[in-house]
Amino acid sequence: MVKFRLNGQEVVSQAQANQRLLDVLRQEFRITGVKCGCKEGECGACSVILDGQLVNSCLVALGSIEGSTVTTIEGYRETERFAALDKAYASVSAVQCGFCIPGMILASECILAKNPNPTEAEIRAGISGNLCRCTGYNAIVQAISIAAEEGKGLW
Amino acid sequence: MVKSYHPVSLQEALAIRAREAVTPYAGGTDLMIKGDEKAGYLFLNNLSELKKITEDGEYIRIGAACTFTAIQESELAPAILKAAVSQIAAPAIRNLGTVGGNICNGSPKADSALVFWATDSKLRLVSSRGERVIPISEFYLGRNKTSLQADELLAEILMPKIGLNNYYYKKVGARNALAISRVSFAGILEIEGGRIVNCQTAFGAISEVVIRRPDLDAMLSGKTIEEAKKAVKEEYLRAYDQAILPIRGRISAEYRKVVCMNLLRDFLESNGI
Numbered sequence: 001m002v003k004f005r006l007n008g009q010e011v012v013s014q015a016q017a018n019q020r021l022l023d024v025l026r027q028e029f030r031i032t033g034v035k036c037g038c039k040e041g042e043c044g045a046c047s048v049i050l051d052g053q054l055v056n057s058c059l060v061a062l063g064s065i066e067g068s069t070v071t072t073i074e075g076y077r078e079t080e081r082f083a084a085l086d087k088a089y090a091s092v093s094a095v096q097c098g099f100c101i102p103g104m105i106l107a108s109e110c111i112l113a114k115n116p117n118p119t120e121a122e123i124r125a126g127i128s129g130n131l132c133r134c135t136g137y138n139a140i141v142q143a144i145s146i147a148a149e150e151g152k153g154l155w
Numbered sequence: 001m002v003k004s005y006h007p008v009s010l011q012e013a014l015a016i017r018a019r020e021a022v023t024p025y026a027g028g029t030d031l032m033i034k035g036d037e038k039a040g041y042l043f044l045n046n047l048s049e050l051k052k053i054t055e056d057g058e059y060i061r062i063g064a065a066c067t068f069t070a071i072q073e074s075e076l077a078p079a080i081l082k083a084a085v086s087q088i089a090a091p092a093i094r095n096l097g098t099v100g101g102n103i104c105n106g107s108p109k110a111d112s113a114l115v116f117w118a119t120d121s122k123l124r125l126v127s128s129r130g131e132r133v134i135p136i137s138e139f140y141l142g143r144n145k146t147s148l149q150a151d152e153l154l155a156e157i158l159m160p161k162i163g164l165n166n167y168y169y170k171k172v173g174a175r176n177a178l179a180i181s182r183v184s185f186a187g188i189l190e191i192e193g194g195r196i197v198n199c200q201t202a203f204g205a206i207s208e209v210v211i212r213r214p215d216l217d218a219m220l221s222g223k224t225i226e227e228a229k230k231a232v233k234e235e236y237l238r239a240y241d242q243a244i245l246p247i248r249g250r251i252s253a254e255y256r257k258v259v260c261m262n263l264l265r266d267f268l269e270s271n272g273i
């Protein structure tokens, strides 16, 4: 039994401590915005924010997050910051198939939370663990820049 | 039901480690790739005693459960270590992965471990019986084999404080991010009054354990840069040419050998040798 905070609510998981957070989120809590791409930390599709930091939920054992705070895209979408990123991504068509996007949005949040005025190089480094097979990244990088500009004061 | 534990102190963790066959879990980024359904973990990720970076007269002391991100952001961590950890994987993995896990995993490709080799760092291993401090070279017994005892935990890495400023670090991987080292090299060269007082090099990712040859590096000691360049350089490179015998991995041994020698030469030449 592991207690943690998930998208603003206290939850208790009945799964074993050695289970991947990714599987617990998808199967026990039906949080399916967290995507399973590779299960080895190579793709970033399962990214969540754990106590303020971007992590790959496939590489997190449930037992390691007792008392922690987890934010997935389902929780993040309720924020003003999400609205700014959503608008920016849409404005440059930075989304194609969408599979990488929940992770990519949370990576974008972590970049801007640390540094509200990132350079292009800093943006690219910040999303370097999130693979996208459709866009070629340029539109995503542009979207994050736009969000930083248009969303001034939010981060 | 597989039992896992959440110790609240290092002392409690060591007591559990002494009586149970549990796997120490710090960052989890290597362990969870396997995702062993039978694993019972000893969670160390919240033990503040293992997450400190401090210094004393002789050493920068790095807690084994410090993440790569914590090291990147630390004021005390030496630049050579920051250079290596900032190139590990990607931000999400650096936020979880730890130096202790990197070392205890036993891989010769561990990028932070290479820096600890090159700097002749020591490891403080603790158990409920006591503690021992050993050079990192004595910790590695072979590929994925270490001298960590069943009741021990790695508590700290002790990096010597002096002589680390003039460093060279290069990782050769297939990409900038999320790339496993194909060859990695770290070197430090201490020069005082125009004379080399100390040279230390280490080669990672090319054999069962990191290659560190203080006997060969000693060839440069006591020489001026000019002497090293004219009289010792070629002999030194020849000696390493014989000493480095890379094994074939995903890439050829020949490629690894050429890259090692290029990096070693570049290390010398970037110092005017």
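Chains as they are written, first to last, in UniProt numbering: chain D, 1 to 155; chain C, 1 to 273.
Backbone N, C-alpha and C define an ideal beta-carbon position, used for all residues, glycine too.
I'd like the span of the beta strand (DSSP E) that includes residue i, first residue to last.
| i | result |
| --- | --- |
| Arg132/C | 130 to 135 |
| Ser91/D | Not the beta strand (DSSP E): Ser91/D falls in the alpha helix (DSSP H), residues 80 to 91. |
| Cys199/C | 195 to 204 |
| Lys184/C | Note that residue 184/C is Ser in the sequence shown, not Lys. Its beta strand (DSSP E) spans residues 183 to 192. |
| Tyr5/C | Taken as a continuous stretch (DSSP letters only), Tyr5/C belongs to no beta strand (DSSP E), as it is neither H nor E. |
| Gly63/C | 59 to 63 |
Whose Cβ in chain C lies nearer than 7 Å to the Cβ of residue i?
| i | result |
| --- | --- |
| Lys3/D | By Cβ distance, chain C contributes nothing, its closest Cβ being about 11 Å from Lys3/D, past 7 Å. |
| Ser93/D | Near Ser93/D there are no residues of chain C at all, since even the closest Cβ is about 24 Å away, more than 7 Å. |
In terms of residue numbering, what span does the alpha helix (DSSP H) encompassing residue i cover?
| i | result |
| --- | --- |
| Cys110/D | 101 to 114 |
| Thr150/D | Checking the displayed sequence, the identity of residue 150/D turns out to be Glu instead of Thr. Note, Glu150/D: alpha helix (DSSP H), 138 to 150. |
| Met32/C | 31 to 34 |
| Phe267/C | 253 to 269 |
| Pro118/D | Where Pro118/D is concerned, there is no enclosing alpha helix (DSSP H), given that its DSSP letter is neither H nor E. |
| Lys233/C | 233 to 243 |
| Arg26/D | Per DSSP, Arg26/D belongs to no alpha helix (DSSP H) and is neither H nor E. |
| Asn72/C | The sequence shown places Gln at residue 72/C, not Asn. Where Gln72/C is concerned, the enclosing alpha helix (DSSP H) stretches over 68 to 73. |
| Cys56/D | Correcting the residue identity first, residue 56/D is Asn in this sequence and not Cys. Unbroken run through Asn56/D is the beta strand (DSSP E), 53 to 56; no alpha helix (DSSP H). |
Using a C-beta to C-beta distance shorter than 7 Å, which residues of chain D count as neighbours of residue i?
| i | result |
| --- | --- |
| Leu139/C | First, the amino acid is wrong: residue 139/C is Phe here, not Leu. Within chain D, no residue comes near Phe139/C; the closest Cβ sits about 24 Å away, beyond 7 Å. |
| Tyr41/C | Ala17, Asn18, Ala61, Gly63 |
| Asn45/C | Ser64 |
| Tyr25/C | Ala61, Ser64 |
| Ser4/C | Ala17, Asn18, Gly63 |
For residue i, does the count of other Cβ atoms within 10 angstroms reach 16, so buried, or fall short, so exposed?
| i | result |
| --- | --- |
| Lys152/D | exposed |
| Thr79/D | exposed |
| Pro118/D | buried |
| Cys97/D | exposed |
| Glu234/C | exposed |
| Val258/C | exposed |
| Gly194/C | exposed |
| Ile162/C | exposed |
| Arg17/C | buried |
| Gly28/C | buried |
| Ile247/C | exposed |
| Ser147/C | exposed |
| Gln16/D | buried |
| residue 324/C | No statement about residue 324/C is possible, as the shown extent of chain C runs from 1 to 273 and does not include it. |
| Ser252/C | exposed |
Whose Cβ in chain C lies nearer than 8 Å to the Cβ of residue i?
| i | result |
| --- | --- |
| Cys128/D | Here the sequence assigns Ser to residue 128/D, which means Cys is not the residue at that position. Per Cβ cutoff of 8 Å: Ala90, Pro91, Asn176, Ala177, Leu178. |
| Leu54/D | Pro91, Ala92, Asn95 |
| Gly44/D | Ala90, Ala92 |
Please identify the residue among the options whose C-alpha is closest to the C-alpha of residue i.
| i | options | result |
| --- | --- | --- |
| Glu269/C | Leu31/C, Ile33/C, Val232/C | Val232/C |
| Gln200/C | Glu12/C, Pro246/C, Ala155/C, Ser221/C | Ser221/C |
| Ser150/D | Phe29/D, Arg81/D, Val12/D, Phe99/D | Strictly speaking, residue 150/D in this sequence is Glu, with Ser absent from that position. When each option's Cα is compared against that of Glu150/D, the closest is Arg81/D. |
| Ser128/D | Asn105/C, Ile162/C, Ser121/C, Ala177/C | Ala177/C |
| Ala150/C | His6/C, Ala15/C, Val2/C | Ala15/C |
| Ser121/C | Cys260/C, Glu156/C, Lys109/C, Val22/C | Glu156/C |
| residue 288/C | Ala26/C, Glu73/C, Phe139/C | Past the edges of chain C, shown from 1 to 273, lies residue 288/C, and the structure says nothing about it. |
| Lys34/C | Arg30/D, Thr32/D, Gly33/D, Glu40/D | Glu40/D |
| Tyr255/C | Gly40/C, Lys51/C, Ile206/C, Val115/C | Ile206/C |
| Arg8/C | Gly173/C, Val85/C, Leu47/C | Here residue 8/C is Val; the residue named in the question, Arg, does not match the sequence. Of the candidates Gly173/C, Val85/C, Leu47/C, the one whose C-alpha sits nearest the C-alpha of Val8/C is Leu47/C. |
| Thr135/D | Ala94/D, Gln9/D, Ser47/D | Ala94/D |
| Gly57/C | Pro160/C, Cys66/C, Val22/C, Ala64/C | Pro160/C |
Could you name the residues of chain D that residue i contacts, counting a contact when the two beta carbons are closer than 8 Å?
| i | result |
| --- | --- |
| Ile211/C | Within 8 Å Cβ-Cβ: nothing; Ile211/C doesn't reach chain D, min ~28 Å. |
| Ile33/C | Lys39, Glu40, Gly41, Leu59 |
Check the Cβ of residue i against every Cβ in chain C and list those closer than 9 Å, keeping chain order.
| i | result |
| --- | --- |
| Ser108/D | Under the 9 Å cutoff, chain C gives no residues; its nearest Cβ is about 12 Å from Ser108/D. |
| Ser47/D | Ala92 |
Would you verify that the beta carbon of residue i is, or is not, closer than 8 Å to some beta carbon of chain E?
| i | result |
| --- | --- |
| Gly98/D | Of the protein chains in the structure, D and C, none is chain E. |
In chain D, which residues lie with their C-beta within 9 Å of the C-beta of residue i?
| i | result |
| --- | --- |
| Lys37/C | Checking the sequence, you will find Glu at residue 37/C rather than Lys. Simply Gln16, Asn18, Gln19. |
| Gly28/C | Leu59, Val60, Ala61, Ser64 |
Inset, instruction - Identify each residue in the region 92 to 113 of chain C for which the Cβ-Cβ distance to at least one residue of chain D is less than 7 Å, and report them in chain order. - result: Against chain D - using a Cβ distance shorter than 7 Å - the residues of the region 92 to 113 of chain C are Ala92, Ile93, Asn95, Leu96.
Inset, instruction - Could you name the residues of the region 131 to 149 of chain D whose beta carbon sits closer than 9 Å to any beta carbon of chain C, in the order they occur along the chain? - result: Leu131
Inset, instruction - Could you run through the region 57 to 89 of chain C and flag, in chain order, every residue whose CB is less than 8 Å away from some CB of chain D? - result: Residues Thr69, Ala89.
Inset, instruction - Using a Cβ-Cβ cut-off of less than 8 Å, list which residues of the region 184 to 210 of chain C approach chain D; keep chain order. - result: none
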